[in-house]
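Working notes for the structure below.
In this note's numbering, the protein residues as written are 310 to 535.
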């Protein structure tokens, strides 16, 4: 029986070709592919390195439109069965380049997609950046953000602790991918109607806050009470 296949898209906000952020992304991808292989899943990786689109991102912020190369990168998000997103830490938050990319995507681009958050920084003092800045951003985008994130400080490289955290996070990502909504049934349905698994899964995504009343509705209800 042929192995299932899936696509992991990575978004790397590192500013140099050999940045520690890219190194961390590559390490996570390697661990995810090994874990996926153990489960009989062929995990292909599509990498988006934002440094390659620095000028286009600046122009896009001004014009509101993405140039062709950047547009292709943004559209590749629609093929993602899972995501790894990573940024270096600048001024206690993610980089402007990283934020500019997500500013140009539609809010539903990654809705329901299992997403592993990662970041790098010069010191462990910056590690809360993931929780204070990255997690709220991707929760707003309705990504399925995994509980486990990976932060790598300068002193972490070469340490067994980082390797263990990467392996644990990658296993969690692959586990969510393989047991997530529609991984098996959607593949069969996709073959029948000619669409990819990702498009099937996303049409079945449910907004957990869809039935939450608005503030005005709640206040109106209170005013009606005797």
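By construction, the Cβ of each residue, glycine as well, lies at the ideal position given by its N, Cα and C atoms. From a predicted model like this one, the values you see are computed outputs, not experimental measurements.
- In the three-state reduction of the DSSP assignment, residue 362 falls in the helix class.
- Annotated three-state conformation of residue 350 is strand, per DSSP.
- Here the alpha carbon of residue 398 sits roughly 33 Å from the alpha carbon of residue 347.
- Of 442, 529, 345, the smallest CA-CA separation from residue 395 is found for 442.
- When C-alpha distances from residue 321 are compared across 464, 350, 404, the shortest belongs to 404.
- Only residues of its own chain outside the window of five on either side were considered, and among them 350 have a CB closer than 6 Å to the CB of residue 313, listed in chain order.
- For residue 430, the secondary structure class from DSSP, reduced to helix, strand or coil, is strand.
- Out of 402, 439, 529, the CA that lies nearest to the CA of residue 460 is found in 439.
- Assignment of residue 381 by DSSP, reduced to helix, strand and coil, places it in the helix class.
- In this model, residue 456 and residue 375 are separated by some 32 Å (Cα to Cα).
- Judged by DSSP secondary structure, residue 487 falls within the alpha helix (DSSP H) whose first and last residues are 469-488.
- With 16 or more other Cβ atoms from the protein chains shown falling within 10 Å of its own Cβ, residue 485 counts as buried.
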